[in-house]
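This report concerns only the one structure given below.
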Amino acid sequence: GAENGDKCAWFNIGNATFGGQSFAVQPLWSNAAGGCVTASEPLSVFRTLGGVLTSAPAAASWGQGRLDVFARGLDNGLWHRWSDGNQWSGWESQGGGLRSEAAVAAWGPNRLDVFVRGTDNALWHRWWDGGSWSGWERTDASLKSGAAAASWSGNRLDVFAQGPDDALWHRWWDGGSWSAWEELGGVLASSPAAVSWGPNRIDVFVQGTDNAIWRQSWTGSGWNGWASLGGNFASGPSVASRGPGRLDLFSRGGDGSLWRQSFDGSRWSSWGSLGGQWTTAPAAIAQSGAGSVDIFEVGPSRDLQHAALP
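Going by this note's numbering, 251 is the number at position 257 of the sequence shown; the sequence numbering is gapless.
Here's what the structure looks like:
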């Protein structure tokens, strides 16, 4: 059926047959912002992965079927579990002392780089090289948030965080050495999120002091400045890319539910609610060739929950 008076009721209307009768099916619904959005995903798509977490999760994938997720535990240390596409491991302690959520990036098969803000507010880094974990490496900084990490090619890393002046700060690894920190402006109210969908391309998202989500992009020759994507959010964002020009953006709304907005290469969709009641920012990752986005969130019981969304 279609809802009387809903301005979106007859956009892309479909049909379904039940009991020998044909019914109109309304795929889009109006939201509070006046946009036409899909109905909420059923909450049953989320499955618990256990744990008792004290931060938002971070996730990466270095190959099809492979997922790695990290979060801070009750001991303020970093905890990790992974899926090989068939089953999940148990939780593994990575040690450390975290003041906020972690960030993780994968720039090739069997490679993970993890970044955390330590109790000294410095940036700490360790990596998996396919055989073992490195020790923790400290980078001088005085950060006010957790980090975000992205990679647009092998042995390339870009790291972002809220600096001491509340602006976005950025440094990068070029395969041989780390750059100095550079300031990218803005006034952040959360940890940032970052993703790369191609060589020399990075998109960074933050929650602003107006609780909207803001975006800035590196296009290969320069940063293009801040642009608002609107919304009213209670946490920072997370973002994933399923291919060149494609972005799936998520954040926890002021109502506690998970919200999503997507970019198809030419325009942004409206924000749409995926429902639920969550306690942290989400983590989003797109596996190579999967065609879906894996979402991780922390539920009311502080357990990690996971869903694969189309």
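Don't be surprised by glycine CBs; every beta carbon is placed ideally from N, CA and C.
Starting from the C-beta of residue i, find all residues in its chain whose C-beta is less than 8 Å away, skip the five residues before and the five after it, and write them out in chain order.
| i | result |
| --- | --- |
| residue 41 | 299, 300 and 301 |
| residue 195 | 146, 211, 212, 213 and 214 |
| residue 208 | 180, 199, 200, 201, 202, 220, 221, 222 and 223 |
| residue 253 | 225, 227, 244, 245, 246, 247, 265, 266, 267 and 268 |
| residue 98 | 52, 53, 54, 62, 64, 106, 107, 108, 109 and 143 |
| residue 127 | 88, 120 and 121 |
Can you grab the Cα-Cα spacing for the pair residue i / residue j, in whole Å?
| i | j | result |
| --- | --- | --- |
| residue 37 | residue 251 | Residue placement at residue 37 cannot be trusted, given a pLDDT of 48 that sits under 50; the coordinates are not used to answer. |
| residue 134 | residue 225 | 34 Å |
| residue 205 | residue 178 | 19 Å |
| residue 83 | residue 294 | 23 Å |
| residue 180 | residue 138 | 14 Å |
| residue 284 | residue 129 | 32 Å |
| residue 242 | residue 105 | 23 Å |
| residue 47 | residue 292 | 7 Å |
| residue 289 | residue 216 | 30 Å |
| residue 91 | residue 113 | 6 Å |
| residue 85 | residue 43 | 9 Å |
| residue 166 | residue 102 | 17 Å |
Is residue i helix, strand or coil when you go by DSSP?
| i | result |
| --- | --- |
| residue 233 | strand |
| residue 248 | coil |
| residue 301 | strand |
| residue 39 | helix |
| residue 46 | coil |
| residue 272 | coil |
| residue 107 | strand |
| residue 281 | coil |
| residue 5 | Per-residue confidence for residue 5 stands at a pLDDT of 41, beneath the threshold of 50, marking its modelled position as unreliable; the derived number appears in the next sentence. In this structure, residue 5 counts as coil in the three-state DSSP scheme. |
| residue 117 | strand |
| residue 188 | strand |
| residue 238 | coil |
| residue 123 | coil |
| residue 253 | strand |
| residue 135 | coil |
| residue 258 | coil |
| residue 128 | coil |
| residue 223 | coil |
| residue 228 | strand |
| residue 264 | coil |
| residue 293 | coil |
Within 8 Å (strictly less), CB to CB, does residue i reach chain D?
| i | result |
| --- | --- |
| residue 46 | Of the protein chains in this structure there is only one, and it is not chain D. |
Going by beta carbon distance, what residues of the same chain come within less than 7 Å of residue i, once the five residues before and after it are set aside?
| i | result |
| --- | --- |
| residue 87 | 71 and 73 |
| residue 122 | 105 and 106 |
| residue 257 | 240 and 241 |
Skipping 5 residues on each side, what residues in its chain have a beta carbon closer than 6 Å to that of residue i?
| i | result |
| --- | --- |
| residue 230 | 184, 185, 201 and 275 |
| residue 218 | 211 |
Verify the contact flag: residue i, CB atom, against every heavy atom of the ligand HEM, threshold strictly below 7 Å.
| i | result |
| --- | --- |
| residue 218 | Among the ligands in the structure shown, none appear at all, so the ligand HEM cannot be discussed. |
Would you check if there are 3 or more beta carbon pairs closer than 8 Å linking the segment 61 to 68 to the segment 158 to 177?
No, they do not touch.
4 or more residues per run - each alpha helix (DSSP H) lying fully within the segment 139 to 181:
Runs of the alpha helix (DSSP H) lying entirely within the segment 139 to 181, each at least 4 residues long, are absent.
Within the segment 193 to 218, note down every full beta strand (DSSP E) run reaching 3 residues or more, in order along the chain.
Taking only runs of at least 3 residues, the beta strand (DSSP E) segments lying wholly in the segment 193 to 218 are 195 to 201 and 207 to 212.
For the segment 52 to 101, list the beta strand (DSSP E) runs that are entirely contained and at least 3 residues long, ordered along the chain.
You should have 52 to 54, 61 to 66, 72 to 77 and 86 to 89.
Could you tell me whether the segment 260 to 268 touches the segment 169 to 176, using the rule of 3 or more Cβ pairs below 8 Å?
Because the criterion of three Cβ pairs below 8 Å is not met, the segment 260 to 268 and the segment 169 to 176 do not touch.
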